[in-house]
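Enquirer: So that we are looking at the same thing, I have put the structure below in structure tokens.
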Amino acid sequence: MESGIALQLGQTLLAVLAAPLLMGWVNACRAWLSNRRAPSLLMPYRQLRRLFHKDVVLANQASPLFRLAPYAIFACMVLAAGIVPTLMNDLPFSPAADAIALVGLFAMARMFQALAAMDVGTAFGTLGARREMLVAFLAEPALLMVFFTASLIARSTALPTIVDVFAHQQFAIYPSLAFAAVAFWMVSTAENARIPVDNPTTHLELTMIHEAMILEYSGRHLALIEWAVALKLFTYSALGIALFLPWGIAPVGHWPGLPLAVVMLALKLALGGFVLALLETLNAKMRLFRVPEFLGTAFLLAVLGMLVHFLLET
Amino acid sequence: MALALPLQLVNLLAATLLLIAFAMLSQRRIIGLITLFAWQGLALALSTTLVAVHTAQSHLLASAGLTLLLKVILLPWIFFRLVRRLNVERDVEPVINIPTTMLIGIVLVIFAFNLAQPISALAGTVTRSTLGIAMAVVLLSFLMMISRRQAIAQVIGFLAMENGLFFAATSATYGMPLVVELGIALDVLVGVFVLVIFFFQIRETFESLDLRHLEKLRER
């Protein structure tokens, strides 16, 4: 049990510390793919340090909620990162929170973000919050459907059980997961504010969604939010790995597999980050009014995955 | 899941066929539609090859080769040339908007799966569970033919429907006799040639390939 708790804390800490590195890797890949010189991989860490050293500038009308929100968002993301198995399949926290609770954690973070954005009362914050909610209420059911497809195969909503069924039992190809994987990619671009739903680097008022919500933040608050964004990307990547590429995650109590698991995780994250950057380079951001269609397609694909599961895999 | 690996791969390819059918429904651009059609043909040829190898049915190999030649190489090539010649590369607006079409598509898939269940229970082949997917592909392609106004999109829907029928034949009875396959392949080829001639005629008369123009009667 102690080793389990140590592993749990270790995995969470790894996610918190490695998340900015993944962000830096994605940014570097994007720079390479568009023929620019890449910034250092450690750039996100430097930015976080710089922001933590800066003073916070608060609007006069800002309520305590505005100051509380960054901590709440960051806490939600740390909890979410703790639920997803990355290295070993032994998570003492996992009976307390399954895949559905994970969706709830993301939703809570998003609610704080949207409330804080509307709190100061600037036009941009409200606009960003409303757009975010438009995207989120379509993305959430699709994400749940993806989890349901995996849960139907594994007969459990607990992520370690799902990983156990996919990675450590007899190998089988599940066609329904092909649908779920496409739907998951579509949802994760929406949830992480990446192209084609949102552009993480833009500050153009016509197109920005996530950036519009955090315009009023500065100093350590902004640093926490940026860190939470990186952590969310990391958690989503880890989720994608756990659901669709789980080979390499060590089974419960299999300590010799741990070094291999670390190497595999690093490789898979590097590959995933590169693919994300590649897709972002190849695609253009779509119009906001095309986003419901995009996410509706994701939802339908996830439903289709479930149907195919009933047809082919029972 | 006690299926052999080739059959699992066939199931995966069947799912890919369905996925591509949905992608075709949601595709607005004609070039993308042709590319998707080529991919669908490739998935079909691969799955037929796998079934042929697994069940040692040599005539299926021949029809897989025929599919590859005709539906992956020849027909897409003809369509690409046609699109460039006729200059119809811009977006096409469907009759029903795309999210609604997709919703109808889901309903069709549920219908097809339910319909196929008793039939596939009767079939004795190892690939019988994919029959539902084959019927879903047929219905989805039919929906695409109904929901598009553009002539080329309708013809691609027709050919995708033929893909679905071919897949249904493979999964329910290990394919039709080779003579029948050859006949169908020739029919498809000739059909496309005839339709291409029609395209040029329609284009010449109406300056467009939009079939709305055909709804109006007029004296010349």
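One line per chain: the protein sequences are A and B, in this order.
FYI, the numbering for the first sequence is 485 to 798, going by our numbering.
FYI, the numbering for the second sequence is 6 to 225, going by our numbering.
Beta carbons: idealized from backbone N, C-alpha and C, even for Gly.
#1: Which same chain residues, not among the five before or five after residue 186 of chain B, have their C-beta less than 6 Å away from its C-beta?
#2: Does the segment 777-788 of chain A touch the segment 626-638 of chain A, meaning 3 or more C-beta pairs lie closer than 8 Å?
#3: Which bits of chain A does residue 58 of chain B rub up against, with CB to CB less than 8 Å?
#4: Per DSSP, which one or two residues make a beta bridge with residue 140 of chain B?
#5: I want to see whether chain A comes within less than 8 Å of residue 45 of chain B, judged by CB atoms only; does it?
#6: May I ask which residues mark the beginning and end of the alpha helix (DSSP H) holding residue 32 of chain B?
#7: Rounded C-beta distance between residue 600 of chain A and residue 542 of chain A? I'm assuming under 8 Å.
#8: Is it a yes or a no for the segment 569-585 of chain A touching the segment 485-497 of chain A, going by three-plus beta-carbon pairs under 8 Å?
#9: Counting only beta-carbon separations shorter than 8 Å, does residue 80 of chain B have a partner in chain D?
#10: According to DSSP, what are the bridge partners of residue 215 of chain B?
#11: For chain A, check one thing: does any of its Cβ atoms lie closer than 8 Å to the Cβ of residue 165 of chain B?
#12: Tell me, to the nearest whole angstrom, how far the beta carbon of residue 639 of chain A is from that of residue 620 of chain A; I am working on the premise that it is less than 8 Å.
#13: Please list the terminal residues of the continuous alpha helix (DSSP H) segment that includes residue 114 of chain B.
#14: Can you determine whether any heavy atom of the ligand MN sits closer than 7 Å to the C-beta of residue 559 of chain A, and answer yes or no?
#15: What is the DSSP secondary structure of residue 572 of chain A, reduced to helix, strand or coil?
#16: Thinking just about the alpha-carbon of each residue, which of B/211, B/174, B/50, B/31 is nearest to the one in residue 162 of chain B?
#17: Compute the Euclidean distance between the alpha carbons of residue 661 of chain A and residue 637 of chain A, then round it to the nearest angstrom.
#18: Could you please tell me which residues of the segment 8-26 of chain B, in chain order, have their CB closer than 9 Å to any CB of chain A?
#19: Counting beta carbon pairs with one atom in the segment 500-514 of chain A and one in the segment 713-722 of chain A, are three or more of them shorter than 8 Å?
#20: Looking at the C-beta of residue 662 of chain A, does it have a partner C-beta in chain B at a distance below 8 Å?
#21: Excluding the 5 residues flanking residue 6 of chain B on each side, which residues of the same chain have their C-beta closer than 6 Å to its C-beta?
#22: Which residues mark the beginning and the end of the alpha helix (DSSP H) in which residue 612 of chain A is found?
#23: By the three-class DSSP mapping on this structure, what secondary structure does residue 6 of chain B have?
#24: On the three-state DSSP scale, how would you describe residue 656 of chain A?
#25: What's the gap between the Cα of residue 722 of chain A and the Cα of residue 26 of chain B?
#26: Return the residues of the segment 104-118 of chain B that lie within a Cβ-Cβ distance of less than 8 Å from chain A, sorted by chain order.
#27: Using the Cα positions of residue 657 of chain A and residue 215 of chain B, report the straight-line distance between them to the nearest angstrom.
#28: Quick check for students: name the residue ranges of the beta strand (DSSP E) that lie wholly in the segment 28-94 of chain B, counting only runs of 3 or more.
#29: Are any of the Cβ atoms in chain A nearer than 8 Å to that of residue 31 of chain B?
#30: Output needed for residue 604 of chain A: all residues of its chain with C-beta closer than 8 Å, excluding positions within five of it in sequence on either side, in chain order.
#31: With a threshold of 8 Å, are at least 3 pairs of Cβ atoms found where one atom belongs to the segment 126-143 of chain B and the other to the segment 163-175 of chain B?
#32: Have a look at residue 734 of chain A and residue 741 of chain A and give me their C-alpha separation to the nearest angstrom.
#33: Please report the residue range of the alpha helix (DSSP H) in which residue 681 of chain A lies.
#34: Alpha carbon to alpha carbon, what distance is there between residue 164 of chain B and residue 156 of chain B?
#35: Please report how far the alpha carbon of residue 180 of chain B lies from the alpha carbon of residue 195 of chain B, in whole angstroms.
#36: Just list the residues that DSSP pairs residue 734 of chain A with in beta bridges.
Expert: Straight from the coordinates:
#1: 68
#2: yes
#3: Chain A residues near residue 58 of chain B: none, gap ~17 Å exceeds 8 Å.
#4: Answer by DSSP bridge pairing: none, since residue 140 of chain B is not bridged.
#5: no
#6: Per DSSP, residue 32 of chain B belongs to no alpha helix (DSSP H) and is neither H nor E.
#7: Wrong, their Cβ atoms sit about 12 Å apart, outside the cutoff.
#8: yes
#9: Protein chains A and B are contained in the structure displayed, whereas chain D is not.
#10: According to DSSP, which records beta bridges pairwise, residue 215 of chain B is partnered with B/155.
#11: no
#12: Actually they do not touch by this definition, with Cβ atoms about 29 Å apart.
#13: Run containing residue 114 of chain B: 103-127, per the alpha helix (DSSP H) assignment.
#14: In the structure on display, the ligand MN does not appear, and there are no ligands present to speak of.
#15: strand
#16: Nearest C-alpha to residue 162 of chain B: B/31.
#17: The alpha-carbon atoms of residue 661 of chain A and residue 637 of chain A are separated by roughly 9 Å.
#18: 8, 10, 13, 14, 16, 17, 18, 19, 20, 21, 23, 24
#19: Taking 8 Å as the limit for Cβ pairs, the verdict is that the segment 500-514 of chain A does touch the segment 713-722 of chain A.
#20: yes
#21: Low local confidence applies: a pLDDT of 45 at residue 6 of chain B is under 50, so the model's placement there is unreliable, with the coordinate-based value given in what follows. The beta carbon of residue 6 of chain B sits closer than 6 Å to none of the beta carbons in its chain outside the five residues before and after it.
#22: 607-638
#23: A caution first: residue 6 of chain B carries a pLDDT of 45, below 50, which makes its placement in the model too unreliable to give a value.
#24: coil
#25: Using only the alpha carbons, I get a separation of about 30 Å.
#26: 104, 107, 108, 110, 111, 114, 115, 118
#27: Residue 657 of chain A and residue 215 of chain B: Cα-Cα distance of roughly 43 Å.
#28: none
#29: yes
#30: 543, 545, 546, 550, 700.
#31: The segment 126-143 of chain B vs the segment 163-175 of chain B: in contact.
#32: 5 Å
#33: No alpha helix (DSSP H) contains residue 681 of chain A, which DSSP labels as neither H nor E.
#34: 13 Å
#35: 22 Å
#36: Note: residue 734 of chain A sits in a beta bridge opposite A/572.
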